[in-house]
Amino acid sequence: MALVCPASGSPREAAALVLKDSEGNGMTKGPYLDGQLLIAMPGMSDPRFDRSVIYMCAHSEQGAMGIIINKTTPMMSFGELLSQLDLAEEDALSPPDQLMQMPVLFGGPVEQGRGFVLHTSDYFTEDSSLPVSENIALTATVDILRAMARGEGPERAVLALGYAGWAPGQLENEIQHNGWLTCQADEELLFGLDFDARYLAALRKLKIDPAMLSSDSGHA
Numbered sequence: 001m002a003l004v005c006p007a008s009g010s011p012r013e014a015a016a017l018v019l020k021d022s023e024g025n026g027m028t029k030g031p032y033l034d035g036q037l038l039i040a041m042p043g044m045s046d047p048r049f050d051r052s053v054i055y056m057c058a059h060s061e062q063g064a065m066g067i068i069i070n071k072t073t074p075m076m077s078f079g080e081l082l083s084q085l086d087l088a089e090e091d092a093l094s095p096p097d098q099l100m101q102m103p104v105l106f107g108g109p110v111e112q113g114r115g116f117v118l119h120t121s122d123y124f125t126e127d128s129s130l131p132v133s134e135n136i137a138l139t140a141t142v143d144i145l146r147a148m149a150r151g152e153g154p155e156r157a158v159l160a161l162g163y164a165g166w167a168p169g170q171l172e173n174e175i176q177h178n179g180w181l182t183c184q185a186d187e188e189l190l191f192g193l194d195f196d197a198r199y200l201a202a203l204r205k206l207k208i209d210p211a212m213l214s215s216d217s218g219h220a
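Taking full-length UniProt numbering, I'd label the letters of the sequence shown as residues 1 to 220.
The following block contains the structure:
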């Protein structure tokens, strides 16, 4: 099972932009939700997204793709990921224990065997990194794992397996029907906070008291 895209392949494939238009081109950028957060409203019908906070990596008229940033994949860590990819025994790799124990997120229900790294843009490769915002990028090759293990990776990063995806117009419809709130992302919420604190922290960014929130509250 390929947990992370191979280093070869097109830049869009390596950056895991699985959403394509009718001509097979990667999603185009526009005034959408790229780089913002989705916050699940109470009453979310799909339990996989209950109390989820999703960082939006790509959004356009062709659809949307994001990574859940507050749920972990059971029994999976950076070290376990290296082992499954047969990278753990490479002589040049000697990651510190703290990195080896880094949890791997449940990024979403789609392609759960596919790996992604959301990270600060101090690490960026033209062939495999997708700029999401001014300071955040998405990379999906084993090269970034090797770089992290050598101490040459991004300053801040989260790893995930799988992603959340929406067909054209689907996300907009869910927002209109009060399925999601939206707010601006920040690096501390994305990289600094404990995973189980992120849902409430995202609501606080909107000055929302969770106790007063219902599925009929409307959207931001």
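Don't be surprised by glycine CBs; every beta carbon is placed ideally from N, CA and C.
Report the option in Asn135, Ser129, Ile67 whose CA atom is closest to the CA atom of Gln112.
Ile67
Could you tell me whether the Cβ atoms of Met41 and Leu206 are closer together than 9 Å?
no
Can you check DSSP and say which residues form a bridge with Leu118?
Leu138, Val158
Can you give me the Cβ contacts of Ser133 inside the same chain, cut-off strictly under 6 Å, excluding the 5 residues immediately before and after it?
Gly35
Do the CB positions of Ile208 and Leu181 come within less than 9 Å of each other?
yes
Could you name the residues that DSSP lists as bridge partners for Gly107?
According to the DSSP secondary-structure assignment, Gly107 is paired through a beta bridge with no residue.
Would you kindly check if the distance between the Cβ of Pro95 and the Cβ of Ala164 is under 9 Å?
no
Taking the beta carbon of Asp70 as the centre, do at least 16 other beta carbons fall within 10 Å, making it buried, or is it exposed?
According to the sequence displayed, residue 70 carries Asn and not Asp. It is buried - the Cβ of Asn70 has at least 16 other Cβ atoms within 10 Å.
Given a threshold of 16 other Cβ atoms within 10 Å of its Cβ, counted over all protein chains shown, does Arg146 qualify as buried or as exposed?
buried
Quick one: what's got a C-beta closer than 7 Å to Pro131's C-beta in the same chain, skipping five residues either side?
Ser121, Ala137
Starting from Ser83, trace the alpha helix (DSSP H) in both directions and tell me its first and last residue.
78 to 84
Buried or exposed: Pro210, going by 16 or more other Cβ atoms within 10 Å of its Cβ?
Under a 10 Å Cβ-count criterion, Pro210 is classified as exposed, with fewer than 16 other Cβ atoms of the shown protein chains found around its own Cβ.
Please look up how many angstroms separate the CB atoms of Leu161 and Met76, rounded, as I've assumed it's under 8 Å.
7 Å
Could you check where the beta strand (DSSP E) with Leu200 kicks off and where it finishes?
Not the beta strand (DSSP E): Leu200 falls in the alpha helix (DSSP H), residues 198 to 205.
Quick one: does Gln184 have its CB under 9 Å from some CB of chain D?
You won't find chain D in this structure, because it holds only one protein chain.
Going by DSSP, which residues form a beta bridge with His59?
Ala64
Using a Cβ-Cβ cutoff of less than 7 Å, which residues in the same chain neighbour Ala174 once the five nearest sequence positions on both sides are dropped?
First, the amino acid is wrong: residue 174 is Glu here, not Ala. Result list for Glu174: Trp180, in chain order.
Where does Ala167 land, buried or exposed, given buried means 16+ other C-beta within 10 angstroms?
exposed
Quick one, which of Ala185, Ser45, Arg150, Gly169 has its alpha-carbon nearest Met100's?
That would be Arg150, whose Cα lies nearest to the Cα of Met100.
From Leu193 to Gly115, what distance separates their C-alpha atoms?
21 Å
On the CB-based measure, 16 or more other CB atoms within 10 Å of its CB, does Ala64 come out buried or exposed?
Burial of Ala64 is indicated by the presence of at least 16 other C-beta atoms within 10 angstroms of its C-beta.
Mind checking whether Leu37 and Met56 have CB atoms under 9 Å apart?
yes
Could you pull out every residue in the same chain whose Cβ sits closer than 6 Å to the Cβ of Met148, ignoring the five residues on either side in sequence?
none
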